[in-house]
Amino acid sequence: MDDKLKNPDHLFQSALKSLPIPDQPSRLYQPVSYTLNLGGKRLRPRLVMLSCGLCGGQPEKAIPAALAVEMLHNFTLIHDDIMDNAETRRGQPTVHHKWDEATAILSGDVLFVMAMKQFTRYGKEFPEQHAMTTELTTCFLDAVQEVCDGQAMDMDFETRDDVVSGEYLQMIKAKTAALIRCSMQLGGLIAGAGKEAVEVCGEIGDHAGIAFQIQDDLLDAVGDASTFGKKVGGDIIEGKKTFLSILALERADDADRIILNQTLGDSKAGEDDILKVIRIYHDLGVIDEAAKTINHHYNNALEKLDEFEESEYQGEIKSLLDKLKDRDN
């Protein structure tokens, strides 16, 4: 594999840098440029290009779709940050804090429009793939709707005390895994893969996405703040429904449940209070169960990946999944 394909982000970064973003109105497009240049893992666009190669296609033809999923991802982050009233993203001020909420909403909206426009390139720059434009946009829009469904479920969870772990897994499959699944499927579709291969690509994305979110939940409790990028225990203070908190409440006795209910969502909780909750997580086997579930889904993703012929692209996806499995941020 040549140097560009050894680092799939190179292809994407080059395309992103050359992306035409208007200068005016600056109030609209400055936040767009700001958001797209904040960095991040670029997981989704890399998977679009790698899955295209995995299915026998040319990764460079997947660049418009890769740009689309990255724009969509950032659109969701801008709006999520507003709903969560988050002050920072990737160590920098969120758009609504740097500008204002109205600007953030509008900038997120235009990012979605820009994402959709990427799919029109398949009728212009890649005429041989014009016929699949409808299929690509349907896959993409289905994922958008699932992400919205998942966000609505997550918001509903905030007002409920009876959320169970099965519901939580259903929510993250929509909110987090849907776009990762879509990224894998888009690459397969662009490569001209058959229905069965595209479905397997989607299953890889589902497992990777579920593992990814539970890993975020776990890192919030046991990660290193200096590498995790945010304060450890933040989910506890905010009272977020996570795999850990839900499972702990399912397993807790009356004494532990009192501590959990008093501390989860208490903005004044101190470090000792947070450590008590984390200790309960350990004592109830929640930390171990989370790690076990993460491994289960990553291993399932790798098993599905093995259904494809051995190739450089298969190796790159495996390496990417291994890095995600071992990540600390």
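For the sequence shown, full-length UniProt numbering gives the first residue as 1, with consecutive numbering after it.
Just so you know, even glycine gets a beta-carbon here, dropped at the ideal spot from N, CA and C.
Model, not experiment: these values are computed from the prediction.
Which one of the options has the shortest CA to CA distance from residue i?
i: ALA66; options: SER14, ASP206 and HIS282; result: SER14
i: LYS173; options: ILE210, ASP288 and GLU250; result: ILE210
i: ILE274; options: LYS195, ILE237 and THR138; result: ILE237
i: ARG46; options: ASP272, PRO64 and ASP326; result: PRO64
i: ASP235; options: ILE214, ASP253 and ALA252; result: ILE214
i: PRO20; options: VAL32, PHE157 and VAL222; result: VAL32
i: ASN37; options: GLY91, GLN129 and GLY57; result: GLY91
i: ASP328; options: ASN295, LEU219 and ASP322; result: LEU219
i: ALA269; options: LEU324, ASP306 and GLY233; result: GLY233
i: LEU141; options: GLN58, VAL164, LEU72 and ILE78; result: LEU72
Distance, Cα to Cα, residue i vs residue j?
i: VAL277; j: THR293; result: 20 Å
i: SER311; j: LYS318; result: 11 Å
i: LEU16; j: ALA86; result: 26 Å
i: GLU289; j: ALA131; result: 46 Å
i: PHE243; j: VAL113; result: 33 Å
i: HIS297; j: VAL110; result: 34 Å
i: ILE82; j: HIS97; result: 9 Å
i: ASP149; j: ARG181; result: 15 Å
i: ARG27; j: THR103; result: 7 Å
i: ASP326; j: PHE12; result: 24 Å
i: LYS240; j: LEU50; result: 34 Å
i: PRO25; j: MET153; result: 35 Å
i: ASP266; j: HIS10; result: 43 Å
i: LYS246; j: PRO127; result: It should be pointed out that residue 246 corresponds to Ile in this sequence rather than to Lys. Answer to the nearest angstrom: the Cα atoms are 50 Å apart.
i: GLN118; j: THR88; result: 28 Å
i: VAL155; j: GLN170; result: Note on residue identity: the sequence assigns Met, not Val, to residue 155. When rounded, the distance between both Cα atoms is 14 Å.
i: GLY188; j: GLY40; result: 24 Å
i: LEU43; j: ASP206; result: 14 Å
Around the Cβ of residue i, are there at least 16 other Cβ atoms within 10 angstroms (buried) or fewer (exposed)?
i: ASN74; result: buried
i: GLY166; result: exposed
i: LYS124; result: exposed
i: LYS61; result: buried
i: MET184; result: buried
i: GLY285; result: exposed
i: ILE258; result: exposed
i: SER107; result: buried
i: LYS175; result: buried
For residue i versus residue j, is the C-beta distance shorter than 7 Å?
i: ALA197; j: CYS52; result: no
i: ALA221; j: TYR281; result: yes
i: ALA178; j: ALA208; result: no
With hydrogens ignored, establish whether the beta-carbon of residue i is closer than 6 Å to any heavy atom of the ligand PLP.
i: ARG327; result: As far as ligands go, the structure on display features none, and thus does not contain the ligand PLP.
Inside the stretch 185 to 263 only - beta strand (DSSP E) runs reaching at least 3 residues: none
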